[in-house]
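Each residue of the sequence shown is one higher than the last, beginning at 0 in numbering that gives the first Met the number 0. Let me begin by presenting the structure, written as structure tokens, before commenting on it.
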Amino acid sequence: MEENILEKYKKAGSITATIREDLLKKIKPGMKILEIAEYVDAEIEKRGGKPAFPVNISINEITAHDTPRANDDREVKEGDLVKIDIGVHVDGYIGDMAFTYCSKPSPLIKANQEVLEEAIKILKPGITVAEIGKTIQDAAEKRGFGLITNLTGHTLDKYVFHGQPSILNVDNDSDYVFKEGDVLALEPFLTESNSTVKESGIIEIYRYMQDRPVRLAEARQILAKARDEFKQLPFAKRWLYKKFSPVKVALSMRQLEEAMAVETYPVLKNRNNNPVSQAEHTIVLIKNGHVVTTR
Numbered sequence: 000m001e002e003n004i005l006e007k008y009k010k011a012g013s014i015t016a017t018i019r020e021d022l023l024k025k026i027k028p029g030m031k032i033l034e035i036a037e038y039v040d041a042e043i044e045k046r047g048g049k050p051a052f053p054v055n056i057s058i059n060e061i062t063a064h065d066t067p068r069a070n071d072d073r074e075v076k077e078g079d080l081v082k083i084d085i086g087v088h089v090d091g092y093i094g095d096m097a098f099t100y101c102s103k104p105s106p107l108i109k110a111n112q113e114v115l116e117e118a119i120k121i122l123k124p125g126i127t128v129a130e131i132g133k134t135i136q137d138a139a140e141k142r143g144f145g146l147i148t149n150l151t152g153h154t155l156d157k158y159v160f161h162g163q164p165s166i167l168n169v170d171n172d173s174d175y176v177f178k179e180g181d182v183l184a185l186e187p188f189l190t191e192s193n194s195t196v197k198e199s200g201i202i203e204i205y206r207y208m209q210d211r212p213v214r215l216a217e218a219r220q221i222l223a224k225a226r227d228e229f230k231q232l233p234f235a236k237r238w239l240y241k242k243f244s245p246v247k248v249a250l251s252m253r254q255l256e257e258a259m260a261v262e263t264y265p266v267l268k269n270r271n272n273n274p275v276s277q278a279e280h281t282i283v284l285i286k287n288g289h290v291v292t293t294r
């Protein structure tokens, strides 16, 4: 990997790390999740990055893809497990980091962080998907917790926030071998016992897929914005309200979905309703080892 590209990955990761530390001091019970999201958006811009995807703020059994609606009045409650997943890019090079906040001490959060660190320790060129998955599963089981088995880590590339292969968080038989210069995002989700997520009917996050003919002028404008301004990375419905009315946004997104012009990211929920924790870092593989960009 060229040094200037590595520096962009490091800058993106550094922005996520700084925001994480700020949020850990800032979040308190009673804080609105919309306030958290708006803070993250503003800090990313202030520090010279751009969002790689809308900040995910997923509470308790809600596991992923939850981002606030416009005028969202939901608040963090005492004892909530609040998963915050932040993505930043610098010229397309992405830092993807997640952590879990709780106002009370949480063995689940502590174990999740330790599981992630155990997996990071083994990363170097030549490591396989299977070795990573087994390490994560063994580390979780050793601490008495289960995993969300149908959520995975992934690779990153320029303007690609979920590349292949998927990095399973459980023991598997994949012989895919990672090489020097690969960029990985490891993100185990821990819960009381092994479980899976299911889709809810709530969608607040979308991504450009392809140009398609649509009737509404606003739908065409939104599609162009998703393609050109958001660089085909995911975007939040609430971001569109700066330019378009809620009614036009609702009608436009329906048309774009029906035309298969955009991909949707439904909110994901733990199937057994137990609370879930998440921890994630971005790692660049270098000769004989790795660099964690999001510390």
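Each residue gets a CB set at the ideal place from its N, CA and C atoms; glycine is no exception. Computed from a predicted structure; not experimentally measured.
According to DSSP, what are the bridge partners of residue i?
i	result
N269	V196
N55	D84
V261	Y207
Y92	V89
G162	T154
G288	I285
I126	For I126, which the question treats as bridged, DSSP gives no partner whatsoever.
A297	No statement about residue 297 is possible, as the shown extent of the chain runs from 0 to 294 and does not include it.
A97	D84, E279
I147	S194
Could you say which of the options lies nearest to residue i if we only look at CA atoms?
i	options	result
I108	T281, I282, V275, A129	V275
P233	P28, K178, E191, A260	A260
G125	D71, K103, G180	G180
A36	R46, N273, V159, D84	D84
E77	I61, Y92, E262, K103	K103
L22	Y8, A11, K9, V39	V39
Q254	E217, F144, D172	E217
S194	E2, N269, A63, C101	N269
F243	K123, E2, L215, I14	L215
P106	E191, K123, I135, E116	E191
T263	K10, E116, K224, Y205	Y205
P132	K123, T66, S173	The residue you asked about is not Pro; residue 132 is Gly in the sequence shown. It is S173 whose Cα lies nearest to the Cα of G132.
V266	K236, S199, R237	S199
L183	K25, T292, E34, E1	T292
K157	G94, I202, P187, L146	G94
H289	L155, N3, K120	K120
E117	E42, E186, I285, A51	E186
Can you list, in chain order, the residues of its chain with a C-beta nearer than 7 Å to that of residue i? Leave out the 5 residues immediately preceding and following it.
i	result
M30	E74, V75
Y175	T127, V128, P164
D72	K31
G48	A11, I14, V87, H88, V89
K123	L284, N287, G288, H289
Would you identify the three-state DSSP class for residue i, choosing helix, strand or coil?
i	result
D170	coil
D65	coil
L185	strand
E179	coil
E217	helix
T134	helix
E279	strand
E34	helix
L232	coil
P212	coil
I119	helix
I26	coil
E140	helix
P274	coil
Got a sec? Which residues, its chain only, sit under 8 Å from residue i by beta carbon, not counting five neighbours each side?
i	result
Y240	A69, V248
N272	E60
V213	R219, L222, S251, Q254, L255, A258, A260
A225	Y205, R206, Y207, Q231, F234, V261
E42	I14, T17, I18, D21
L150	T62, A63, N168, E186, F188, V196, L267
Grab me the residues of residue i's own chain with a C-beta within less than 6 Å of its C-beta, minus the 5 sequence neighbours each way, in chain order.
i	result
F144	A110, L189
T17	none
Y100	I26, V81
I58	D79, V81
D170	G132, K133, Q136
P67	I32, L33, A36
Validate contact between the segment 209-217 and the segment 159-179 using beta carbons, cut 8 Å, 3 pairs
No: fewer than three Cβ pairs fall under 8 Å.
I want to know whether the segment 221-233 touches the segment 19-35 - three or more CB-CB distances under 8 Å.
With the cut-off at 8 Å, the segment 221-233 and the segment 19-35 do not touch.
Taking 8 Å as the cut-off, does the segment 81-95 touch the segment 130-141 (at least 3 CB pairs, one atom from each stretch)?
Contact between the segment 130-141 and the segment 81-95 is absent, because fewer than three Cβ pairs lie under 8 Å.
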